[in-house]
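Numbering (our numbering), first residue to last: 5 to 410. Beta carbons: idealized from backbone N, C-alpha and C, even for Gly.
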Amino acid sequence: MAKPPVVIVGAGHAGFQLASSLRQAGYAEPIFLLNDEPHLPYQRPPLSKAYLKGGGAPDSLMFRPDKFYRDQNIELIADRAAAIDRPARKLSLASGAALEYEHLVLATGARNRLIDLPNANLEDVLYLRTLDESEVLRLRLASRRHVVVIGAGFIGLEFAATARAKGLEVDVVELGARVMARAVTAEISEFFQNRHAEAGIRIHFGVQVTSIESDGAGVAGVSLSDGRHIAADLVVVGVGVLPNVELAGAAGLPVASGIMVGEHLLTSDPHISAIGDCALYASERFGGSLRLESVQNATDHARCVAARLTGDTKVYDGLPWFWSDQGPDKLQIAGLTTGYDRVVVRGDRTQGAFSAFCYKADRLVGIESVNRAGDHMFGRRLLAANGSITPEQAMDAGFDLKAALG
Ligand SMILES: Cc1cc2nc3c(=O)[nH]c(=O)nc-3n(C[C@H](O)[C@H](O)[C@H](O)COP(=O)(O)OP(=O)(O)OC[C@H]3O[C@@H](n4cnc5c(N)ncnc54)[C@H](O)[C@@H]3O)c2cc1C
Numbered sequence: 005m006a007k008p009p010v011v012i013v014g015a016g017h018a019g020f021q022l023a024s025s026l027r028q029a030g031y032a033e034p035i036f037l038l039n040d041e042p043h044l045p046y047q048r049p050p051l052s053k054a055y056l057k058g059g060g061a062p063d064s065l066m067f068r069p070d071k072f073y074r075d076q077n078i079e080l081i082a083d084r085a086a087a088i089d090r091p092a093r094k095l096s097l098a099s100g101a102a103l104e105y106e107h108l109v110l111a112t113g114a115r116n117r118l119i120d121l122p123n124a125n126l127e128d129v130l131y132l133r134t135l136d137e138s139e140v141l142r143l144r145l146a147s148r149r150h151v152v153v154i155g156a157g158f159i160g161l162e163f164a165a166t167a168r169a170k171g172l173e174v175d176v177v178e179l180g181a182r183v184m185a186r187a188v189t190a191e192i193s194e195f196f197q198n199r200h201a202e203a204g205i206r207i208h209f210g211v212q213v214t215s216i217e218s219d220g221a222g223v224a225g226v227s228l229s230d231g232r233h234i235a236a237d238l239v240v241v242g243v244g245v246l247p248n249v250e251l252a253g254a255a256g257l258p259v260a261s262g263i264m265v266g267e268h269l270l271t272s273d274p275h276i277s278a279i280g281d282c283a284l285y286a287s288e289r290f291g292g293s294l295r296l297e298s299v300q301n302a303t304d305h306a307r308c309v310a311a312r313l314t315g316d317t318k319v320y321d322g323l324p325w326f327w328s329d330q331g332p333d334k335l336q337i338a339g340l341t342t343g344y345d346r347v348v349v350r351g352d353r354t355q356g357a358f359s360a361f362c363y364k365a366d367r368l369v370g371i372e373s374v375n376r377a378g379d380h381m382f383g384r385r386l387l388a389a390n391g392s393i394t395p396e397q398a399m400d401a402g403f404d405l406k407a408a409l410g
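Have a look at this one:
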């Protein structure tokens, strides 16, 4: 009789990478990859970037064509996991079918955080996480004239820049005092605020949308907490995501702001792992628990679990990195730029090419680079090796970063 398979719940960046890495590592047993979206597994970053601009066909987003899954003997199952019976090691599916597993990997990702406002269910109030949502927005960009974006995070700003480049009037409403405030230094926020303003995007800080107005047919505008009104025919909401933890929680696995896993990405059940956006993992490198939302995190988690399931058990120690394209500018982040106590700048802000080097107790913890890919690659290599350079070296344009790598 065939051995029970590895069952992967969710065919996003983490789930897809795990299935392919298992085969690359020579794993020969069955792999079941549960996909609850009506497309072959696809990449999300272009949904708010190149794809939204209207360049490509959906096929351009797919990780691999369907032939890949057949050739690799990865069984892609169009279904949704409904419940885990841990003692029986059995997963029930929404269709009523059930799958036994030897190892279950939860790669359930995250979903849009929804806003609860009057008229939030109008068809021109939209979100951006899935291919279908990006498709709808692509169409709306061609027919709408004025968009209000709620939230000045990465996705809100990427969308805003694309909408503006397509000629729409764009207002961004942000409750905080600066853009991307939870994720980047004030230096980077200031640069992007100026760039978006130069492009004609209006950003309103310290206010929130209190209601969405309808003209009977569709969106007519929004009201703000300071009493102002902005006319608009489209509202795009980018107020963050919620990790999909319910399946794990209902099975009695510990969940907090993510599915809790240890440094090997295992839950409290030795037959269940969790990876990617849904996983709150214990990090030896950073000395606490982290839940990150990035392609790097999803794919490196997947590789770590694939290695464990094929006999090479390691502590997960990936170095976080991330990117965001906003208009003509590329932001890249290496390391974790939170909890720093000093920031020094390398390069020239006025020329639109600089990096913010972040220090905690005189140790480099992260680098945020704008249009300076070399600094970013340097940061990834140096930080992965637990290296550092002094703030004075970072600021000195004559200091050779490559030489510092040895
Ligand atoms: C528009 C956009 C732009 C982005 N840009 C960047 C970027 O520039 N750089 C970057 O690093 N990151 C970016 N990200 C973040 C990155 O895409 C995510 O971190 C990554 O997709 C996480 O992968 P994941 O597999 O953990 O989760 P997901 O990609 O969310 O995949 C999870 C999958 O699991 C499915 N699922 C959930 N529950 C079940 C269930 N019960 N049964 C079956 N399936 C289930 C979901 O439907 C989904 O298909 C972006 C994200 C978005 C939305």
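Legend entry - Cβ shell of Gln47 (< 6 Å), same chain only, five flanking positions each side left out: Leu65
Inset, instruction - Could you round the C-beta distance between Val255 and Ile88 to whole angstroms and report it? I think they count as a contact, below 8 Å. - result: Per the sequence presented here, residue 255 reads as Ala, with Val not at that position. Contact flag correct, Cβ pair sits at about 4 Å.
Legend entry - Alpha carbon of Ile12 to alpha carbon of Ala407, nearest angstrom: 43 Å
Inset, instruction - Rounded to whole angstroms, what's the CA-CA distance from Ala398 to Phe382? Just pull it up for me. - result: 11 Å
Inset, instruction - Could you spell out where the alpha helix (DSSP H) holding Phe67 opens and where it closes? - result: Where Phe67 is concerned, there is no enclosing alpha helix (DSSP H), given that its DSSP letter is neither H nor E.
Inset, instruction - Verify whether the separation of the beta carbon atoms of Leu172 and His150 is less than 9 Å. - result: yes
Inset, instruction - Measuring only between beta-carbons, confirm whether Ala111 sits less than 9 Å from chain B. - result: Looking at the structure shown, chain B is missing, and only one protein chain is on hand.
Legend entry - Beta-carbon proximity check, Val4 vs Val177, cutoff 9 Å: The structure shown has nothing for residue 4, since the chain only spans 5 to 410.
Inset, instruction - Look up His17 in the DSSP assignment and say whether it is helix, strand or coil. - result: helix
Inset, instruction - Under 8 Å by Cβ, that's how I've got Thr112 and Glu41 pegged, so tell me the actual separation to the nearest angstrom. - result: In fact, because the Cβ distance is near 12 Å, the residues do not count as touching under 8 Å.
Inset, instruction - Answer yes or no: do Ile234 and Leu257 have a C-beta to C-beta separation smaller than 9 Å? - result: no
Inset, instruction - Identify which residue in Leu22, Leu179 and Ile81 has its Cα closest to the Cα of Leu44. - result: Ile81
Inset, instruction - Just the C-alpha distance for Asn123 and Thr214, rounded to the nearest angstrom, thanks. - result: 11 Å
Legend entry - Bridge partners - Gln330, DSSP secondary structure assignment: Asp333
Inset, instruction - Using the Cα positions of Arg295 and Glu288, report the straight-line distance between them to the nearest angstrom. - result: 14 Å
Inset, instruction - Check whether the Cβ atoms of Tyr320 and Leu269 sit closer than 9 Å, and answer yes or no. - result: yes
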